[in-house]
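**Student:**
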Amino acid sequence: MNTLQTTSDPSATPKGSGEEDITVDKRGRLVGNVSMFIAKTFSGLNENALKYLLPTWMNAFTGVVLRLGFGSVFFWILGWVRPDKTEQVTMRDRFLLLLTGVIAVFGYMYTLLIGLTYTTPISSSIFIALQATVVYIICLILRTDRLSTGRLIGIFLGIGGALICILTQKHSEVASNPLLGNMFCLLSTFLFSAYLVIEKKFLKRLSNATVSKYTFSGGLLAGIVAVLITGKWFAPVLTSGVFSTPFLVLAFVLLFPTSLSYLLTDIGLKKLPATVVALYSNWILIVAAIVSYVLGQDKFSWWQILSIILIIASVFLVESAEAKDHKATPSKTTP
Numbered sequence: 062m063n064t065l066q067t068t069s070d071p072s073a074t075p076k077g078s079g080e081e082d083i084t085v086d087k088r089g090r091l092v093g094n095v096s097m098f099i100a101k102t103f104s105g106l107n108e109n110a111l112k113y114l115l116p117t118w119m120n121a122f123t124g125v126v127l128r129l130g131f132g133s134v135f136f137w138i139l140g141w142v143r144p145d146k147t148e149q150v151t152m153r154d155r156f157l158l159l160l161t162g163v164i165a166v167f168g169y170m171y172t173l174l175i176g177l178t179y180t181t182p183i184s185s186s187i188f189i190a191l192q193a194t195v196v197y198i199i200c201l202i203l204r205t206d207r208l209s210t211g212r213l214i215g216i217f218l219g220i221g222g223a224l225i226c227i228l229t230q231k232h233s234e235v236a237s238n239p240l241l242g243n244m245f246c247l248l249s250t251f252l253f254s255a256y257l258v259i260e261k262k263f264l265k266r267l268s269n270a271t272v273s274k275y276t277f278s279g280g281l282l283a284g285i286v287a288v289l290i291t292g293k294w295f296a297p298v299l300t301s302g303v304f305s306t307p308f309l310v311l312a313f314v315l316l317f318p319t320s321l322s323y324l325l326t327d328i329g330l331k332k333l334p335a336t337v338v339a340l341y342s343n344w345i346l347i348v349a350a351i352v353s354y355v356l357g358q359d360k361f362s363w364w365q366i367l368s369i370i371l372i373i374a375s376v377f378l379v380e381s382a383e384a385k386d387h388k389a390t391p392s393k394t395t396p
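Residue numbers (our numbering): 62 to 396.
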């Protein structure tokens, strides 16, 4: 009589087991982290590229319209080439995504470009590095996260670093109005942090292309209306010649920090918590600082270094608390 033999071989793990789920989760985190590293490298270089273009080769309104126009075309084409036939996009989804684009995307890009017009890439990046802390504050307000001692200390350190940057930076040949520029950069950080929280919710059930094509389109609509109302269209960069330095810098901004960076950020948001995605804003600060000193777009300041240290410490404390909470929360496995 044949008997049914069982094996204790640990390699014979059934499909869909907890071990396989952990492997998939690790692979997803790796993809998310690599995507964010590349995206924020582009974003760091974006600070220096925009500083070069503003305000000599274009103004803030023009820069926003060009970025959002190119990005909208990019994501609509991407959605056409790689359609997700399984997703269900309602009219409410479209309206909310367009509204997010009008307020958060347009608002973020415009305030960032205005800020860079008056301050330096490093100062701008200091405020961008606050995104992880601001995302956490938004989550606290929405009651999707909880307060802890480490996070509270991190918030105060981040606020302290931002205040040092705002109050100590002086007028110079590389910063025509640092106080005004820094305040606009701070506002841009709040707007982009809100954008991350909102987009994270939509990306749970919609594709990257769908979310971005509607948010960029909403932002583009707001930008066109703003230009028509103010009449502030200034773009010598478009007539500088295809192979001129200004035009090539603009091409870099449109293709990499605008389109590919947002696409990779969407991938990161699908694989990682919003607070972890915001944590990568530190890399923007590092890239922008190195390039700024090399290109002479900023001058060394001990106050600036202290501000950078406080911001990085702030994000470290917030993220450490996030990691502890993640480990303390048991993962759910299907029976």
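Yeah, the Cβ is synthetic: ideal placement off N, Cα and C, and Gly gets one too.
All figures in this text were calculated on a predicted structure; none of them were measured in a lab.
#1: Taking 8 Å as the threshold, find out whether the region 199–217 comes into contact with the region 359–366 through three or more Cβ pairs.
#2: I need the straight-line Cα distance from residue 377 to residue 219, nearest angstrom please.
#3: For a quick check, are the C-beta atoms of residue 349 and residue 186 less than 8 Å apart?
#4: Let me confirm a value: residue 196 is counted as buried when at least 16 other C-beta atoms fall within 10 Å, else exposed. Which label applies?
#5: Are there 16 or more other CB atoms within 10 angstroms of the CB of residue 118, so buried, or fewer, so exposed?
#6: Which residues bound the alpha helix (DSSP H) around residue 214?
#7: If I'm right that residue 346 touches residue 189 with Cβ under 8 Å, what's the distance once you round it to whole angstroms?
#8: Leaving aside the five residues before and after residue 372 along the sequence, list all residues of the same chain whose C-beta is less than 8 Å from its C-beta, in chain order.
#9: Quick one: grab the DSSP three-state call for residue 236.
#10: Closer than 8 Å is the cut-off here; do at least three beta carbon pairs connect the region 315–329 with the region 122–136?
#11: Could you work out which residue in 367, 335, 354, 381 is closest to residue 199 when comparing CA atoms only?
#12: Confirm, please, whether the CB-CB distance from residue 174 to residue 111 is below 8 Å.
#13: Considering only the beta carbon of each residue, do residue 183 and residue 327 sit closer than 8 Å?
#14: I believe residue 148 touches residue 267 by the beta-carbon criterion, under 8 Å. Please report the beta-carbon distance rounded to the nearest angstrom.
**Tutor:** Here's the rundown:
#1: Counting Cβ pairs under 8 Å, fewer than three are found: no touch.
#2: Straight-line spacing of the CA atoms in residue 377 and residue 219 works out to 10 Å.
#3: Yes, the Cβ-Cβ distance between residue 349 and residue 186 is below 8 Å.
#4: Counting Cβ neighbours within 10 Å, residue 196 comes out buried, since at least 16 surround it.
#5: So residue 118 ends up on the buried side.
#6: First-last of the alpha helix (DSSP H) with residue 214: 210–229.
#7: Between residue 189 and residue 346 the Cβ distance is about 7 Å, and since that is below 8 Å, they are a contact.
#8: Only 187, 190, 191, 218, 219, 222, 223, 343, 346 meet the Cβ criterion.
#9: Taken through DSSP and simplified to helix, strand or coil, residue 236 comes out as strand.
#10: Because the criterion of three Cβ pairs below 8 Å is met, the region 315–329 and the region 122–136 touch.
#11: Of 367, 335, 354, 381, the residue nearest in Cα terms is 335.
#12: Contact annotation: residue 111 and residue 174 have beta-carbon atoms nearer than 8 Å.
#13: Not closer than 8 Å, so no.
#14: That pair is a contact at about 6 Å.
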